[in-house]
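In this note's numbering, the protein residues as written are 3 to 424. Backbone N, C-alpha and C fix where the C-beta goes; we use that ideal spot for every residue, glycine too. Fair warning: this is a prediction, and the values are worked out from it, not measured in the lab. Input: a single structure, listed below in structure tokens.
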């Protein structure tokens with residue numbers, strides 16, 4: 003890199019000492035400023051402009067896709083508070099099976115889809131699968147018994163599987179390792195806000211549309227959310243990038259800059275051609291892959307509450323509308339805390355204690371909720387375990403992407419494996 007650093011281009015907030023290699027081959031320790039996201043301050047105006055452009059084009063598109071990914075997934079969970087279980091004559095076990103079968107399809111689809119992602123156009127691949135899951139979600143309104151709902155949920159899992167690991171892979175292609183955690187946390191707020199507002203979206207649909215055209219409220223929920231998802235999928239076809247060197251809304255100079263800054267930032271980056279199967283073998287053979295899988299598994303094992311939170315909140319004794327409203331604040335708190343934790347992790351380049359402290363707070367929340375029947379105390383417990391747990395996932399996945407990115411193929415598989423086994 004060039005030895006001339008123009009510090010006046012950026013506001014300096016914090017300095018770290020780094021060893022810089024100059025063009026003539028010698029190395030020198032210099033102060034390097036850190037920006038508000040915890041990444042090294044970008045002093046090149048062209049790089050600053052590039053990152054802002056990526057932020058405005060790619061991130062809102064991925065966020066909207068993830069929001070509807072979870073909104074469609076949660077439709078059945080909210081439908082239980084309407085007449086879904088009664089209309090389909092579902093027992094408690096059958097309802098739980100319908101909720102869980104989605105993850106069977108989800109697990110089966112994640113690794114193969116990410117192996118294919120860097121062999122096809124990501125923009126078409128990701129938007130195409132969103133179109134598929136949107137159609138499945140919309141048509142779920144036609145489910146009339148346990149078997150048809152089970153099939154719909156399994157297909158929803160298969161079609162939703164490529165999105166999240168694919169989105170993480172796309173972020174890792176365009177952002178440096180110190181930029182990734184914050185962007186992943188911003189993406190993850192799509193999950194949290196969908197979980198937060200899904201109840202508020204469902205409540206007026208249940209109250210105003212139940213019985214209209216002979217359809218129950220939960221059926222209208224599937225139709226409306228599925229239709230909006232289809233619209234987002236169409237937009238995504240045009241806005242999602244393919245790769246730094248193949249992005250239609252970047253200039254030739256910006257494409258080269260986007261490619262070079264990620265290449266230089268990646269630990270142990272290798273430039274030789276690789277194959278999908280070689281990337282799979284390398285990811286499987288690397289002990290770090292399995293360590294990240296274990297970390298994410300232990301984290302997400304405590305995250306199962308999200309599939310049943312409306313039902314848990316209803317045990318506090320409120321009516322359906324109030325219950326749906328009360329599921330909102332914990333996720334809003336989680337969204338704010340997730341971004342702050344990821345920002346702090348990137349700023350201080352520290353991951354271990356950020357994840358440990360977050361999970362300890364979540365454990366306190368679980369303990370409070372389990373130990374008392376007091377309504378206020380249990381709701382505080384819910385706020386704690388929901389609020390503290392979500393930021394961990396972003397840190398672990400960004401950590402994995404930064405540590406296992408020697409080739410695009412290996413990185414794609416490693417991200418998918420970490421998310422799948424989690």
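Item: With 16 other Cβ atoms within 10 Å as the buried cut-off, status of residue 284; Value: buried
Item: Local conformation of residue 243 per DSSP, three classes; Value: coil
Item: Exposure of residue 343, with buried meaning 16 or more beta-carbon neighbours within 10 Å; Value: buried
Item: Beta-carbon spacing of residue 178, residue 341 below 8 Å; Value: no
Item: Same chain, Cβ closer than 6 Å to residue 334, five either side skipped, listed in chain order; Value: 198
Item: Nearest candidate by alpha-carbon position, reference residue 287, set 103, 297, 48 and 416; Value: 416
Item: Residues of its chain near residue 422, where Cβ-Cβ distance is below 7 Å and the 5 sequence neighbours each way are ignored; Value: 109, 112 and 113
Item: Inter-residue spacing [alpha-carbon to alpha-carbon] between residue 87 and residue 132; Value: 27 Å
Item: Distance between beta carbons of residue 165 and residue 117, contact taken as under 8 Å; Value: Between residue 165 and residue 117 the Cβ distance is about 15 Å, and since that is not below 8 Å, they are no contact.
Item: Chain-order list of residues whose beta-carbon lies under 7 Å from that of residue 414 (same chain, five-residue window excluded); Value: 116, 117, 119, 120, 171 and 281
Item: Sequence-distant residues of its chain with Cβ nearer than 8 Å to residue 176 (five each side left out); Value: 56, 60, 243, 246, 260 and 264
Item: Given residue 146 as reference, the closest of 157, 91, 138 and 126 once Cα atoms are compared; Value: 91
Item: Whole-number beta carbon distance between residue 208 and residue 84, since they are thought to touch under 8 Å; Value: 5 Å
Item: Unbroken alpha helix (DSSP H) run spanning residue 74, endpoints; Value: 47-81
Item: Range of the contiguous alpha helix (DSSP H) that encloses residue 117; Value: 94-119
Item: Three-way DSSP call (helix, strand, coil) for residue 251 in this model; Value: coil
Item: N-terminal and C-terminal residue of the alpha helix (DSSP H) that residue 176 is part of; Value: 165-176
Item: Where residue 28 sits in the DSSP three-state scheme; Value: With a pLDDT of 48 at residue 28, under the threshold of 50, the modelled position of that residue is not reliable, and the figure given next carries that caveat. DSSP places residue 28 in coil when its eight states are reduced to three.
Item: Contacting residues, own chain, Cβ-Cβ under 6 Å from residue 404 (five flanking each side not counted); Value: 179
Item: Residue-chain proximity (residue 410, chain D), Cβ-Cβ < 8 Å; Value: The chain labelled as chain D is not found in the depicted structure, where only one protein chain is given.
Item: Neighbourhood of residue 368 by C-beta distance below 6 Å, restricted to the same chain and skipping five residues each side; Value: 387
Item: Under the three-state DSSP convention, the category residue 428 falls into; Value: Nothing can be reported for residue 428: it is not among the residues displayed for the chain, which extend from 3 to 424.
Item: Residue 216, buried or exposed, once every other Cβ within 10 Å from all chains shown has been counted against 16; Value: exposed
Item: Alpha carbon of residue 238 to alpha carbon of residue 311, nearest angstrom; Value: 30 Å
Item: Counted within 10 angstroms of its Cβ, other Cβ atoms place residue 315 as buried (16 or more) or exposed; Value: buried
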